[in-house]
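Visitor: Protein chains in written order, with UniProt numbering: chain A, 1 to 221; chain B, 1 to 221; chain C, 1 to 221; chain D, 1 to 221; chain E, 1 to 221; chain F, 1 to 221.
Positions of the beta carbon are idealized from the N, C-alpha and C atoms, including for glycine.
Once you've had a glance at the structure underneath, I'll fire off some questions.
Protein chains: 6
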Amino acid sequence: MTLIAPSILSADFTRLGEEVKAVENAGADWIHIDVMDGQFVPNISYGPIVVKACKQVTDLVLDVHLMIETPDARIPDFAKAGANYISVHAEACPHLHRSLQLIKSLGVKAGVALNPATPLSAIEYVIDMLDFVLIMSVNPGFGGQKFINASLNKIIALSNMLSDAGSNAIIQVDGGVNNDTIEAVTRAGASCFVAGSAIFNTPDYKTTIDGLRKLSDKGKI
Amino acid sequence: MTLIAPSILSADFTRLGEEVKAVENAGADWIHIDVMDGQFVPNISYGPIVVKACKQVTDLVLDVHLMIETPDARIPDFAKAGANYISVHAEACPHLHRSLQLIKSLGVKAGVALNPATPLSAIEYVIDMLDFVLIMSVNPGFGGQKFINASLNKIIALSNMLSDAGSNAIIQVDGGVNNDTIEAVTRAGASCFVAGSAIFNTPDYKTTIDGLRKLSDKGKI
Amino acid sequence: MTLIAPSILSADFTRLGEEVKAVENAGADWIHIDVMDGQFVPNISYGPIVVKACKQVTDLVLDVHLMIETPDARIPDFAKAGANYISVHAEACPHLHRSLQLIKSLGVKAGVALNPATPLSAIEYVIDMLDFVLIMSVNPGFGGQKFINASLNKIIALSNMLSDAGSNAIIQVDGGVNNDTIEAVTRAGASCFVAGSAIFNTPDYKTTIDGLRKLSDKGKI
Amino acid sequence: MTLIAPSILSADFTRLGEEVKAVENAGADWIHIDVMDGQFVPNISYGPIVVKACKQVTDLVLDVHLMIETPDARIPDFAKAGANYISVHAEACPHLHRSLQLIKSLGVKAGVALNPATPLSAIEYVIDMLDFVLIMSVNPGFGGQKFINASLNKIIALSNMLSDAGSNAIIQVDGGVNNDTIEAVTRAGASCFVAGSAIFNTPDYKTTIDGLRKLSDKGKI
Amino acid sequence: MTLIAPSILSADFTRLGEEVKAVENAGADWIHIDVMDGQFVPNISYGPIVVKACKQVTDLVLDVHLMIETPDARIPDFAKAGANYISVHAEACPHLHRSLQLIKSLGVKAGVALNPATPLSAIEYVIDMLDFVLIMSVNPGFGGQKFINASLNKIIALSNMLSDAGSNAIIQVDGGVNNDTIEAVTRAGASCFVAGSAIFNTPDYKTTIDGLRKLSDKGKI
Amino acid sequence: MTLIAPSILSADFTRLGEEVKAVENAGADWIHIDVMDGQFVPNISYGPIVVKACKQVTDLVLDVHLMIETPDARIPDFAKAGANYISVHAEACPHLHRSLQLIKSLGVKAGVALNPATPLSAIEYVIDMLDFVLIMSVNPGFGGQKFINASLNKIIALSNMLSDAGSNAIIQVDGGVNNDTIEAVTRAGASCFVAGSAIFNTPDYKTTIDGLRKLSDKGKI
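Structure representation (C-alpha cells):
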C-alpha cells in the first residue's frame, strides 16, 4: 500500500477548498498539514483554522504534523478541528509518552516525527503506541532543501526496528520526496509520502500522483 | 475618517480569496490579519502564507497583528509577504524601539499593540515612530470575550497623549467592536476598527460595514 | 478593619493542621499560603496539596500568593484545592487582565502582587477587577530581608489611586511586617498584613496577633 | 533486598509528621519525596520545607525525586534540608554529568530518573557515578495513570546494562506499583519500589507494606 | 563634572592592555565594558575575563554594562573580576530591587540601564538605591545606529525625577555620543558619556577626549 | 598526526595578540576559542570580537567551540570573524543537522561537541557531515575539574563508529588534557588536544607543546 499525502503548504491559499478537493479527486490518500509556530522552526504556517477548513471539504485522512514547542497544550485544538493523525516531534517532547497518550485519548492516531539528526533510540520505548513514524528527510521549517541521503539508512533501520517489535506502524517520509527519490525511499521501507511543491507546482495533480505511485510501486519489488 | 478592518480570522478559509474580495467590495478599508503562534497567545492561527494569499487578490492595506514571541525574527517574512502595516505587542518586545525600527526599515507602517492591562507608559518614548497604536479591548488569543469597558478610558488617555505629542498615529481597536460598541469607541478617539465575526458571520457584508461606519460617524459628532 | 494573615511558610510542617488551627484560635483572619516554583523565585515551597490540607482544618479565608511563572496553567488547581483569594505577580503575567479574569471565573477573589521595583502603572487598567493588591515589601523568595522603606510611599500612592478609582480593593503587605513596622504600614493605607516568623516563631500566637492588631489600630488614627 | 519507599504525595498533610512516623513503624525503608515545580511537570507539589519536616521525625533515608527544570540551582537546598538520595531527570539536564557531580559533592547519593520514553543511552556514560536509577513507569506529574508495561523491558535492559558495567546501582520504580505489578517488576530487576496511594490509601500501612514485600520476594525467585 | 567612559568594544583586542592604558593616559575617567550574551541582545561580546584583564592594567573605575539575561547569576563573577560599577537592564530584571541589592552587597556601585522605549516608571521605586542610571540612546547590541533624539526628553525627565527625589545618581548615556551630540546631551542633564568608536577610531585619544570634554562643558552653561 | 590546540581562555588578555603569536611560534597547530554565553554554561567568556583579534595576528586554524544556546543565530558572526572550524553542542541543537549545514554553507569546517553524559547516538545520522567531533572530558563552563575517565571509553567507541562509517572526522578532546592524560587519550583514538592552563600557565610554551606532542606520539604506537 502506498499512501500519497500532498502537503497543502504549496497549495493556493486563496482557494484552499478547491485545492484540497482537487488532490482528493487526483487520488491523494491523506492531506498533510504542516503546522509551524515560528519557535520550534523558524517559520509560522497555520493552525487549527486550516485543519477545520480542510475537514469541511474532504473525508480524506487529515494528517497534522506539529512542528511546534509544547505541543500538549495545542493537541486538543487540532483534534477538535478534525485531525485524524497527529505527529509530534521527539525533540520538542520531554514527556513523549504522555504526548502520545494524549493524542490517542482524543481518538486520534499518534505518530512521532524525527529530525534528520535524531536517533531512533528516541522512540525505542514507545513503539507499541505508534500508528506512524515521520522521518524528516530535510530539516523542518527551512525552505529549498534537498533530500538528505542519510535518511535512507534511517528508514531501513526503522523498518527493521518495527518488524522486530511486531509493530505495524506506517513509515512516513517528508522532504525532497519526488520522482527522483520515491523509489529508493519505498525500497528502504516507507509507505507514506509527503509531497508539497512536487504535486501542487505541477499542472495535472492526477498525472503527478499516479506517477509517484508507480515509481513507489517499483521500490516494493 | 473611519477605517473598517475585517479580521479574516472569521472568514471561510476554504475560499479565502473570495472572502477577502467580498469584504473589499463591501467597502472594507483594511484587511486585518491576526497572527498567533501558540506561545504568546494560546492559539495558533496563520503566518506569511496567508498574508501572501490576501496580497494576490486585493490591493487593500494588509494590516498584520503579530501576537507572537520574538517578533523581530519573523517581521521580514511578513514584510516580504506583502504586509503594509505591522503591529507588535509591547509585552513581547524588550527592545520595542528596535522592533519598530526594523518594521520601518522594510518600508512597512509600524504600530504597537497593547494588552488590556498594559499601561500607556509602554509607548511614551516611541510615539514619534508610530503610525498606529492597537488597543486590545479583549484579551488576544482567547475566544468568546466581551468588550472590556476599561478600554474606553485607555483610548481617551491615548488620544490625549498623541495630541500632546503632535502625533497623527491612528488609534485602532480590536475586540468586541460591533454595533453596540463602535459609537462609544469612536467617541473615545479611535478611528480604525477591527471586526471579525461581527462582519463575517453576517449575511450581507456591505450592509454590516455600512452600518458600522454610520454608527462610528455618530461617535464623531 | 485589620486583617492578620499568618504565612504558614514559618509553621511546623510536621503538624500543619494543628498550626493552622492554632492561629485560627489565636484570632488570625486569613491563612496566607506562599507558593514558589523555583523559577519565578529561587525557592520551591508548596502547591495545591498544602492548600487542600489547610482547607480540611479551617474555614478561614485561604489566601494564595502565586510566586510562579505561567500562573494561568496552575490557577484552576489552586481554586479546586480551596483557595479563596489568589494573587498573581504582574511581572509574571504578560496577559494580566486574562489571569485575573480566569481567577474570578472560578469564583475566587483576585489580586495582583507587585515586586518592590514594579510601578503602580502595572495595575492602572485592571483596578476595577481587583479584590486586593499585594505590595511586596521585601523581595519574594529570598530569605532574611528587612522591610523596604520605599514601600511606604508606594502604599500611600496606591491608597490614593484606589480612592480615586472608587475601588474598595484591600491593600495587603508582605515582608518584614512586625511590631516595629505595622503601625507605619497601616498609616500608609494597608489593612491586611502577612506575617510568618513574626507569628510562628513566637511562643503564644494569640498574644502576638493581638499585639500586631493593636499596633495596627494605632496607625488608623 | 527489597526497599519499600512510600511517597508522601498521598499522605495526610495536616499531620505529615505522624504519617511519616506511621510508615516508618510499618516497616518502610525509604521516604520518597516527589518534588514538582509546575514547569517540568504540570503540577506543583513541595520543596525543601517538606524534606526538612520529614527529617525532624524520621531517620529513614529521605529519597528526593526532582521533577523540576534547572535542578542544579536547587540541589543544595535539598541537600541542606536533609535529603539522603536525590534523583534528577535526564530530560531536564543538558549537563547531566555535572548535576550528578554536584549531588555527590554534597555527600548525597545520586540517581537519574528516566521518563517512560527516554532511552537507556541517556545514562550510558554516567553509570559509574550512579547510586540508583529511577525508572518512571507512569508519566511524572500526571494523575490517575496505570503502570506502563513497556517499562518491564526497560528494567530488564537496565539490569543487564548495570551488570555489564559492574555497577551496583539500585533500580527504583515509580508509577502504578502495587499488589498486581510488584512481582513482575521485581522479576525484571528492580529492588526499590515507590508507592503512594497504594500505601497511604489503605487502612493498615504495615499489612500493606508487608504484602508488597512478600509479593516482591516472589519475583526474586 | 564630566565623566568620559571609553567603551573597549572598539579597542584593538590584540593589545587590550595598551589600549586601556592609552585612554587612561589620554584622560579617560571610566573604562566602560559592554557585556553581551547573545540572548538579551543579538551579539556576544565578552565577560569577566576581560574585566579582569582591564583591572590588571588600570586603576580607573571599571564600569560594567550587563546586556544579559538572568544577570543575578553572573553578577558575583563580575564583582570578583574587579567591576566598580555594574548596571543591569530593567527589561531583564523581574526582580530589579533584588538585583540592585545583590550588586551593592558585593561592594559595587549599582545602576539600571534603560532601553530606548523603556519608561522611567521602571526605576521609580528604586531611586534611593541607584548610584547611576544608564540611558540607552541607541538599541543595545545592534551596530551602526544613530543617536535617538527622543532620548533627550528622557534625560531631562530623569534629571527632574532624580532632583525631586533628592538623588545624586549619575546620568550616563550610551549610544551615538560624539562631537555632534555631547553638548545637547549634557544640557539635558547627563554627566557620564560612553563613547566607543568615537574615541578608539580616532588617531589621538587625548585630543578626542579633550574635545568631547570641552563640548560637554559648553552644555553645562 | 597530532594537533595541539591551545585554548586562549588561559592566555593573558591584556596582550592577546602576543600570546597567540607565542603559541604559534611554539608550534601550536590550532587556536582553540571557547565561547560561553552564560546560559548554556554558567560563565560568559567572549565572542566574535576575540576571534577577529586572533585572525589579525595568526594564520593558524581558528577553532571555535560554541558553548551557547541557539547557536544558529550567531554562527554567521563567527564565520565572518574568521573561524575556520566551528563546533556546536548536540545538547543545544534540536535541529543539529541544520546547524551543521549552516556552518558548512559558510565555508567553515563543522563539528559536534558532546557533553560527558551525552551518548554517541546523538551524532549517528550526521557522521557524513562531520569534520570533527569534540569529546568533552570535563563539564564545559565549570572550572577546576579533572579529566573524566569514562571519556576514554567514549573516545574508543567513537573511533570505531567513525571507522565503520568510513569517516575521517578528527576526534578532539577538551578537558584535563595534560602530560598525565594525553598518552591514554591518544591511544583511545583522539588526535586533536585542547589545553589551556596546561600550556599558558607554563613558562615556556614550546617546551610544553613539544612535551605534549611527544607523549601523544607514545599513545599512537
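Tell me the DSSP bridge mates of E:Val64?
Guide: DSSP, once it has assigned bridges, lists E:Ile33, E:Ile86 as partnering E:Val64.
Visitor: What does a CB cutoff of less than 8 Å around A:Asp120 pick up in its chain, not counting 5 residues either side in sequence?
Guide: The question names Asp, but residue 120 of chain A is Leu in the sequence shown. Same-chain partners within the cutoff: Leu114, Lys154, Ala157, Leu158, Met161.
Visitor: For A:Ala117, return the contacting residues in chain F, with the cut-off set at a CB-CB distance below 7 Å.
Guide: Correct list: Leu96, His97, Tyr125, Val126.
Visitor: So if DSSP puts F:Cys192 in a beta bridge, which residue, or which two residues, is it bridged to?
Guide: According to DSSP, F:Cys192 bridges with F:Leu3, F:Gln172.
Visitor: Would C:Ile199 pass as a contact of C:Pro6 if the rule is Cβ separation under 7 Å?
Guide: Yes.
Visitor: Between which two residues does the beta strand (DSSP E) holding F:Asp13 run?
Guide: Sequence inspection shows Phe at residue 13 of chain F; the Asp mentioned does not correspond to that position. No beta strand (DSSP E) contains F:Phe13, which DSSP labels as neither H nor E.
Visitor: Would you give the residue range spanned by the beta strand (DSSP E) that C:Ile135 belongs to?
Guide: It spans 132-136 - the beta strand (DSSP E) in which C:Ile135 sits, taken as one unbroken run.
Visitor: Taking the continuous alpha helix (DSSP H) assigned at residue 291 of chain D, which residues delimit it?
Guide: The displayed coordinates of chain D run from 1 to 221. Any statement about residue 291 of chain D would go beyond what the structure contains.
Visitor: Please state whether the Cβ-Cβ distance between D:Ile44 and C:Asp37 is less than 7 Å.
Guide: Closer than 7 Å, so yes.
Visitor: Please report the straight-line C-alpha distance between residue 280 of chain F and F:Arg98, rounded to a whole angstrom.
Guide: The structure shown has nothing for residue 280 of chain F, since chain F only spans 1 to 221.
Visitor: With 7 Å set as the bound, which would you pick, yes or no: does the beta-carbon of D:Thr58 sit closer than that to a beta-carbon of chain C?
Guide: Taking Cβ atoms only, chain C never reaches closer than 7 Å to D:Thr58, which makes this a no.
Visitor: May I ask you to list, following chain order, the residues of the stretch 150-170 of chain A that have a beta carbon less than 7 Å from some beta carbon of chain F?
Guide: Those residues of the stretch 150-170 of chain A that come within reach of chain F (Cβ to Cβ, closer than 7 Å) are Ala150, Lys154.
Visitor: Which of helix, strand or coil does DSSP assign to A:Lys109?
Guide: Three-state result, A:Lys109: strand.
Visitor: Is there at least one Cβ from chain B nearer than 7 Å to C:Ser105's Cβ?
Guide: So, not an interface residue.
Visitor: Who are the neighbours of E:Ser7 on chain F, taking C-beta pairs under 7 Å?
Guide: Simply none; closest approach about 12 Å.
Visitor: For A:Ser197, decide whether its Cβ has a neighbour in chain B, counting only Cβ atoms nearer than 7 Å.
Guide: No, A:Ser197 does not count as interfacial toward chain B.
Visitor: Less than 7 Å between the beta carbons of E:Asn79 and E:Leu60, yes or no?
Guide: A small correction: the amino acid at residue 79 of chain E is Ala; Asn does not occupy that position in the sequence shown. No, the Cβ-Cβ distance between E:Ala79 and E:Leu60 is not below 7 Å.
Visitor: Say whether chain B places a C-beta atom closer than 7 Å to the C-beta of E:Ser87.
Guide: Not closer than 7 Å to any Cβ of chain B, the Cβ of E:Ser87 fails to qualify, so no.
Visitor: With a cut-off of 8 Å on the beta carbons, I'd call C:Val35 and C:Met67 a contact; round off their distance for me.
Guide: Sure, about 6 Å apart at Cβ, within 8 Å.
Visitor: Under three-state DSSP, which class holds A:Ile44?
Guide: A:Ile44 falls in the strand class under three-state DSSP.
Visitor: How big is the Cα-Cα spacing for F:Gly17 and F:Ile33?
Guide: Whole-angstrom Cα-Cα distance: 14 Å.
Visitor: Find the nearest neighbour of C:Ser137 within the set C:Gly111, C:Ser216, C:Leu152, C:Gly219, judged by alpha-carbon distance.
Guide: Nearest C-alpha to C:Ser137: C:Leu152.
Visitor: Can at least three beta-carbon pairs, one atom from the stretch 86-93 of chain C and one from the stretch 117-131 of chain C, be found at a separation below 8 Å?
Guide: Counting Cβ pairs under 8 Å, three or more are found: they touch.
Visitor: Got a sec: is the Cβ-Cβ distance from D:Ser121 to anything in chain A below 7 Å?
Guide: Chain A, which has a Cβ nearer than 7 Å to the Cβ of D:Ser121, makes this yes.
Visitor: Do we get a CB-CB distance below 7 Å when we pair B:Glu91 with the residues of chain C?
Guide: Closer than 7 Å to some Cβ of chain C, the Cβ of B:Glu91 qualifies, so yes.
Visitor: Within 10 Å of its beta-carbon, does B:Gln56 have 16 or more other beta-carbons around it, so buried, or fewer, so exposed?
Guide: Flag for B:Gln56 reads exposed.
Visitor: Is the shortest distance between the beta-carbon of D:Gln101 and the beta-carbons of chain C less than 7 Å?
Guide: Closer than 7 Å: no.
Visitor: Compare the C-beta of A:Asn139 with all C-beta atoms of chain F and state if any pair is closer than 7 Å.
Guide: True, the Cβ-Cβ gap to chain F drops below 7 Å.
Visitor: Mind pulling the chain F residues with CB within less than 8 Å of E:Ile182?
Guide: Chain F residues near E:Ile182: none, gap ~25 Å exceeds 8 Å.
Visitor: Spatial neighbours of B:Ala110 within its chain, please: CB distance less than 7 Å, with the 5 preceding and 5 following residues excluded, ordered by chain position.
Guide: If we look at B:Ala110 and ignore the five residues flanking it on each side, its Cβ neighbours are Ile86, Leu100, Ile103, Lys104, Met129, Leu130, Asp131.
Visitor: Ordered along the chain, which non-local residues of its own chain (more than five positions away) have a Cβ less than 6 Å from that of E:Lys21?
Guide: Contacts found: Val57.
Visitor: The alpha helix (DSSP H) spanning A:Ala150 covers which residue range?
Guide: Note, A:Ala150: alpha helix (DSSP H), 150-164.
Visitor: With a Cβ-Cβ cutoff of 7 Å, do A:Asn139 and F:His95 count as a contact?
Guide: A contact, by the Cβ cut-off of 7 Å.
Visitor: Name the chain A residues whose beta carbon is nearer than 8 Å to that of B:Ile49?
Guide: Near B:Ile49 (Cβ distances below 8 Å), the residues of chain A are Leu9, Phe13, Ser45, Tyr46.
Visitor: Since A:Phe200 is in the alpha helix (DSSP H), which residue starts that stretch and which ends it?
Guide: Here the alpha helix (DSSP H) through A:Phe200 covers 197-200.
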